[in-house]
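**Student:**
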Amino acid sequence: MSSSSEERIAVKSYEGEVVYIKKTVAQQSLFIQRKIKLNQAGPPIDLELITTATLNKVVDYCNHQVEFADDKAALNSFEAQFVKIDGKTLFSLIHAAHFLKIYTLMNLTCQTLSDKIKGKNMEEMEEAVRNWRDNQE
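Under this note's numbering, read the sequence shown as residues 71 to 207, first letter to last.
1. Starting from the Cα of ILE79, find the closest Cα among LYS92, GLU87, PHE138, GLY86 and give me that residue.
2. Do LEU178 and GLU137 have their beta-carbon atoms positioned less than 8 Å apart in this structure?
3. Taking a contact to mean a Cβ-Cβ separation below 8 Å, would you say GLN98 touches ILE172 in this structure?
4. Any idea what DSSP makes of TYR90, helix, strand or coil?
5. List the whole-angstrom C-beta distance separating ILE115 from VAL81, where the pair is believed to meet the contact cut-off of C-beta under 8 Å.
6. Just to confirm the assignment: which complete alpha helix (DSSP H) runs, minimum length 4, are found wholly within the region 104-144?
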């Protein structure tokens, strides 16, 4: 278990909100790891392409990755619930995972997208993507 006095990294969302993340959690992002290593971590690291709502979901995911690192059953259960989300949120998480270089989240969200469109013909896939995109506006 990590202590409450653990070092935290400040990150700033698209809206300018600063979020403080435990360093062990933040380092799941290769993007943030690189910023820290190059002494560009500070303060705060600008995540101008990620909204606060999406950032909070990413942090929740990363917290659970750390918390359940030794309990695959609990992690699988969390992930199954985590991806029960609408298309807009799913696309936002895919984008954030790519930007932050969090490959476990990228794999999970892309697999979820794949599962959602599996078995659909081209017209059905185009319609689903169009609906998700329209919901983003």
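C-beta atoms are modelled at their ideal positions from N, C-alpha and C, and glycine is treated no differently.
This structure is a prediction, so every number in the text was calculated from the model and none was measured.
**Tutor:** So, to answer that:
1. For the options LYS92, GLU87, PHE138, GLY86, the alpha carbon positioned closest to that of ILE79 is the one of LYS92.
2. No.
3. In this structure, ILE172 lies closer than 8 Å to GLN98 by Cβ.
4. Strand.
5. About 5 Å separates the Cβ atoms of ILE115 and VAL81, confirming a contact at the 8 Å cut-off.
6. Fully contained in the region 104-144 are the following alpha helix (DSSP H) runs of length 4 or more, in chain order: 122-137.
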